[in-house]
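Using our numbering, the first residue of the sequence shown is number 274, and each one after it goes up by one. Heads up, the beta-carbon is just placed ideally off N, CA and C, and yes, glycines get one too.
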Amino acid sequence: MKITEQIKQPILKEMELFEKKFHESMSSKVALLNRITYYIVNRKGKQMRPMFVFLTAKMISDGTVNERTYRGASVIELIHTATLVHDDVVDDSNKRRGFFSINALWKNKIAVLVGDYLLSKGLLLSIDNGDFDLLRIISVAVREMSEGELLQIEKARRLDITEEVYYEIIRQKTATLIAACCSLGACSVDPESEHVEKMRKFGELIGMAFQIKDDLFDYTEDAIGKPTGIDIKEQKMTLPLIYVLNTCSKEEKKWLINSIKNHNKDKKRVKQVIAFVKEHKGLDYAEQKMAEFQQEALMLLSDYPSSPYKDALILMVNYVIERKI
């Protein structure tokens with residue numbers, strides 16, 4: 274059994290029902306919109322975010338969920354899908370998980386409007402049901418994701434990111450949404466309890482480890498059999514590179530920055546940068562930091578009694594840093 278299927282085992286029933294509810298939450302009177310949302314629903318990914326919502330909810334409530342949990346999972350997936358649709362427009366990307374992106378099939382204008390529609394559907398789902406505590410969690414996540422993206426763009430222009438700034442970027446850009454999933458799950462079944470903040474922190478730590486793993490794919494041969502170097506080509510400052518820039522000699526630093534700024538389309542030069550970062554222990558350092566976030570997340574789970582939901586969350590934490598793609 275694949276590890277993702279193992280993780281899903283204790284919430285199979287919830288995930289099936291969620292799919293139905295999620296599809297319903299997207300419906301519209303406009304035929305074009307329904308055609309596009311149908312396309313989106315049928316090309317779903319691993320659905321890690323709703324899985325986090327259900328597993329955290331069930332872990333802290335002895336295996337029970339309620340309508341709020343389903344709404345929380347639907348809202349987070351609606352918002353997440355909206356951000357992906359908008360991201361593809363921003364990045365001018367034609368593919369998403371091997372399928373054509375919305376902007377590739379229906380053009381940018383429609384893609385932006387569909388993203389706005391999904392965002393508003395998510396907000397209304399909370400408002401119509403009086404889930405203002407859940408709405409607050411989600412709204413904070415959306416604000417932070419936007420800030421994180423803009424902070425990264427601002428810093429990429431100058432290539433002067435410190436390790437602290439890098440952590441702030443990935444906390445906002447990636448970790449904040451996973452943190453929202455986990456605190457939503459807790460808040461849906463036990464609002465105003467200490468579990469809500471504890472699970473938010475747990476999700477944030479996993480999100481940090483998740484993003485560092487993504488950064489490592491740029492240098493390792495896991496994902497597609499060869500290092501991609503895409504982040505270097507896009508002048509993105511990731512942890513392996515930041516570490517090496519801070520530890521190499523002045524001359525080497527000059528060469529690295531010049532390579533990233535002026536030669537990032539030169540395949541041979543990008544290969545040299547990848548080799549240089551590996552040689553100077555950039556990957557080792559990033560892997561060590563990723564493991565620290567992972568261990569901290571597991572520590573937070575250790576306070577909870579043993580259950581299939583806790584076991585699945587532990588599997589999920591380990592999957593995040595052991596995945597090959």
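In this structure, DSSP gives Y439 a helical state, which the three-state scheme calls helix. Taking every protein chain shown into account, the CB of L305 has fewer than 16 other CB atoms within 10 angstroms, so this residue is exposed. In this structure, I383 is the residue among I383, N537, S456 with its C-alpha nearest to the C-alpha of V358. Taking the Cα positions, S366 is about 35 Å away from A459. The C-beta separation of M589 from I485 comes to about 16 Å, leaving the pair out of contact by the 8 Å criterion. Annotation: T511 to S347 spans about 31 Å, alpha carbon to alpha carbon. Three or more pairs of CB atoms, one per stretch, sit closer than 8 Å, so the region 336-355 contacts the region 398-412. Remark: C-beta atoms of A448 and E477 approach each other more closely than 7 Å.
Excluding the 5 residues flanking it on each side, Q508 has same chain C-beta neighbours closer than 8 Å at A429, L432, I533, K534, N537, in chain order. Boundaries of the alpha helix (DSSP H) harbouring H353: 340-363, taken from the DSSP string.
Per the coordinates, the alpha-carbon of V385 lies some 7 Å from the alpha-carbon of V362. Taking a C-beta distance under 7 Å as the contact criterion, A570 and I479 qualify as a contact pair.
Between the region 281-291 and the region 411-418 there are fewer than three C-beta pairs closer than 8 Å, too few to call the two in contact. When the Cα atoms are used, D463 and P581 turn out to be separated by approximately 19 Å. Bounds of any alpha helix (DSSP H) do not take in G502, whose DSSP letter is neither H nor E.
A contact between stretches requires three or more CB pairs, one per stretch, nearer than 8 Å, and the region 278-286 meets this requirement with the region 327-337. Between G395 and I352, the C-beta gap is smaller than 7 Å, which places the two residues in contact. Residue environment analysis places V550 among the buried positions, since at least 16 neighbouring C-beta atoms fall within 10 angstroms of its C-beta. A buried status is given to R473, since no fewer than 16 other beta-carbon atoms sit within 10 Å of its beta-carbon.
Looking only at K506, A377, Q425, the smallest Cα-Cα distance to I443 is reached by Q425. With a beta-carbon spacing of about 18 Å, L457 and G336 fall beyond the 8 Å limit used to define contacts. Of the residues K583, Y558, I530, the one whose Cα lies closest to the Cα of Q545 is I530. Rounded to the nearest angstrom, the gap between the Cα atoms of A482 and S300 is 35 Å.
Spanning the alpha carbons of L391 and K526 requires a straight line of approximately 44 Å.
Listed in chain order, the alpha helix (DSSP H) runs fully inside the region 489-555 are 503-506, 512-520, 523-535, 540-552, counting runs of at least 4 residues. Shortest Cα-Cα distance from E350 to any of N376, F327, P323, I375 involves P323.
The beta-carbon distance between L398 and S461, rounded to whole angstroms, is 13 Å. This is too long to meet the 8 Å contact definition. The three-state reading of DSSP puts Q279 in helix, counting H, G and I together. In this structure, DSSP gives D487 a helical state, which the three-state scheme calls helix. Counted as a single uninterrupted DSSP element, the stretch harbouring S334 is not any alpha helix (DSSP H), since DSSP gives it neither H nor E.
Rounded to the nearest angstrom, the gap between the Cα atoms of D491 and I276 is 23 Å.
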